[in-house]
Amino acid sequence: MFKLNEAENNELNFEGISLKIDLSFDNVFDVFELFENEKDDVIRLYGALRLLVDKDIEEILTPEKAGELLGIIIDNYINVKKEDPVRLDLNGNPVKKRKGTAKEEDDSDPVVSFSYDADYIWTSFFTAYHIDLHQEFGRLSYQKFMLLFRDLPEDTKIKRIIEIRTWQPEKGTSSKEKERMRKLQNEYRLPDDI
20 MFKLNEAENN ELNFEGISLK IDLSFDNVFD VFELFENEKD DVIRLYGALR LLVDKDIEEI
80 LTPEKAGELL GIIIDNYINV KKEDPVRLDL NGNPVKKRKG TAKEEDDSDP VVSFSYDADY
140 IWTSFFTAYH IDLHQEFGRL SYQKFMLLFR DLPEDTKIKR IIEIRTWQPE KGTSSKEKER
200 MRKLQNEYRL PDDI
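Sequential numbering from 20 applies to the sequence shown in our numbering.
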């Protein structure tokens, strides 16, 4: 979890091995690209670790231990999610969640692709934050990138495209508006293979 009072920790001790992890956003996207394009699991595993850590893991760890290490890095450094805070009653006892209030995982189609939408994302960052993402290679962490991406203003290109892709007509939407939005959805549709 991101904290204002702690520096980002990109170091990990695994099986007695001290590792530095390269969590720059461009490097993490290289890992994602490797996972998309490479079919061989062993090449994916060691290729990802070659990108992420500063040691030649292939020479040090078995595939099982390397898989465990990659899982730790993904779970603790890349796919970091905010934990739901425990709610307490006036006596300090945990309050049970009511049925139907817990957020469910969304298994719907993706609404953004960091590779396919790269140009829209670049212009959105440049417009909103005056950040040239290419100049931030090796510097801007993936976690900070994702925070900035999440909070892009609604008037940026990628946010407008996401809104178009997720648009559903409401009751009372005119047929003209429906037609206009369907054309936009077709124009900005993600390819089927994403």
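Yeah, the Cβ is synthetic: ideal placement off N, Cα and C, and Gly gets one too.
| Query | Result |
| --- | --- |
| Hey, would you say the C-beta of Gly66 is under 7 Å away from at least one heavy atom of the ligand PLP? | With respect to small molecules bound, the structure shown includes none, and the ligand PLP cannot be examined in it. |
| Kindly indicate the opening and closing residues of the alpha helix (DSSP H) around Asn24. | Counting along the chain, Asn24 falls outside any alpha helix (DSSP H), and DSSP gives it neither H nor E. |
| With which residues is Ser132 paired in a DSSP beta bridge? | Paired residues: none, contrary to the question. |
| Where does Leu70 sit, in a helix, a strand or coil, going by DSSP? | helix |
| Could you check the C-alpha separation between Phe44 and Met165 for me, to the nearest Å? | 9 Å |
| In whole angstroms, give me the CA-to-CA distance for Ile40 and Phe48. | 14 Å |
| CB Phe33 to CB Ile97, shorter than 8 Å? | no |
| Flag Ala67 as yes if its beta-carbon sits less than 8 Å from any beta-carbon of chain B, otherwise no. | Considering every chain present, this structure includes no chain B. It has just one protein chain. |
| Cα separation between Phe133 and Leu171? | 14 Å |
| Among residues of its own chain, excluding the 5 on either side of Asp73, which ones have a beta-carbon nearer than 7 Å to its beta-carbon? | Leu38 and Lys39 |
| Taking the alpha-carbon of Phe21 as reference, which of Tyr161, Arg201, Glu83 and Glu189 has the nearest alpha-carbon? | Tyr161 |
| For Asp212, tell me which candidate among Lys195, Val130 and Leu68 has the shortest Cα-Cα distance. | Val130 |
| Does the distance from the C-beta atom of Tyr148 to that of Leu167 stay below 8 Å? | yes |
| Closer than 7 Å by C-beta to Glu52: which residues in its own chain qualify, once you throw out the five before and the five after it? Chain order, please. | Ser134 |
| By the three-class DSSP mapping on this structure, what secondary structure does Ile213 have? | coil |
| Which term fits Ala137, buried or exposed, when burial requires 16 or more other beta carbons within 10 angstroms of its beta carbon? | exposed |
| Helix, strand or coil: how does DSSP classify Lys163 here? | helix |
| Does Phe168 come out as helix, strand or coil in the three-state DSSP assignment? | helix |
| Compute the distance between the beta-carbons of Lys178 and Ser143, then report whether it is under 8 Å. | yes |
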